[in-house]
Amino acid sequence: MKVIIYYLLLLVFIALVAGSLVLGRPQSMGMQQMLGISAALILYVIAMSFVGEGKNQDERQILHKNLSNRAGLVAGSVIFSLGILYQLFVSHNIDYWLWAGLIAINLTKIISLIFLENRN
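Under our numbering, the first residue of the sequence shown is numbered 1, with each subsequent residue one higher.
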C-alpha cells in the first residue's frame with residue numbers, strides 16, 4: 001500500500017509542476033520561479049529513479065517491474081515521436097532535443113540489451 005501512495009504522490013507532484021508551467025506563463029517567469037521549477041523537476045527525476053527499485057520477492061514482481069519498464073519505454077518513444085511529427089508537419093521547425101531524447105531512449109535500450117546478453 002505504501003508503494004501505491006508513493007506512486008500517486010509522484011503523479012500529483014508532476015501534475016502540479018506541469019500545471020504551474022502551463023498556467024504560470026513561462027515566458028514571463030523570473031529567475032526564482034525558474035530555479036524553483038528546475039529544483040522540483042530534479043527532485044521528481046530523483047524520486048522516479050527509485051520507482052520499482054527494492055527487493056524483489058518473487059518472479060511475479062520481477063515480471064511486473066519489467067513490464068512497467070517496457071511500458072514506460074514505449075510511452076516515452078511514442079511521445080517523442082509524436083512531438084517530432086507534430087513539429088515536422090505543423091510548425092516546420094524541429095527541436096533537436098526531441099531527437100536527442102528519442103535517440104537516448106533507444107540507444108540505452110540497445111546498449112543495455114547487448115551488455116546483458118553478452119555478460120558472463
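All residues carry an ideal CB built from backbone N, CA and C; glycine is no exception.
In the structure shown, what three-state DSSP assignment does residue i receive?
{"i": "G83", "result": "helix"}
{"i": "N119", "result": "The sequence given here places Arg at residue 119; Asn does not occur at that position. Three-state DSSP puts R119 in coil, outside helix and strand."}
{"i": "N93", "result": "coil"}
{"i": "Q61", "result": "helix"}
{"i": "G101", "result": "helix"}
{"i": "G30", "result": "coil"}
For residue i, which residues from the same chain have a beta carbon less than 7 Å from its beta carbon, with the 5 sequence-adjacent residues on both sides left out?
{"i": "F13", "result": "Y44"}
In its own chain, which residues sit with a C-beta less than 6 Å from the C-beta of residue i, not counting the 5 before and 5 after it?
{"i": "R119", "result": "none"}
{"i": "A40", "result": "V17"}
{"i": "F80", "result": "L98, G101 and L102"}
{"i": "L82", "result": "none"}
Can you tell me the Cα-Cα spacing of residue i and residue j, whole angstroms?
{"i": "I42", "j": "M48", "result": "10 Å"}
{"i": "G19", "j": "L102", "result": "24 Å"}
{"i": "G36", "j": "L23", "result": "15 Å"}
{"i": "M31", "j": "S38", "result": "10 Å"}
{"i": "E117", "j": "Q61", "result": "21 Å"}
{"i": "Q87", "j": "N93", "result": "6 Å"}
{"i": "E59", "j": "K65", "result": "10 Å"}
{"i": "L11", "j": "S91", "result": "30 Å"}
{"i": "E113", "j": "R70", "result": "Here residue 113 turns out to be Leu, not Glu, going by the sequence shown. C-alpha separation (whole angstroms): 13 Å."}
{"i": "R15", "j": "M34", "result": "Looking at the sequence shown, residue 15 is not Arg but Ala. A15 and M34: Cα-Cα distance of roughly 17 Å."}
Within 10 angstroms of its Cβ, does residue i collect 16 or more other Cβ (buried), or is it exposed?
{"i": "F115", "result": "exposed"}
{"i": "F89", "result": "exposed"}
{"i": "L8", "result": "exposed"}
{"i": "L98", "result": "buried"}
Excluding five sequence neighbours on each side, which residues of the same chain lie with their C-beta closer than 8 Å to the C-beta of residue i?
{"i": "I73", "result": "Looking at the sequence itself, residue 73 is Leu, so the reference to Ile does not match. The residues are I105 and K109."}
{"i": "S77", "result": "L102, I105 and N106"}
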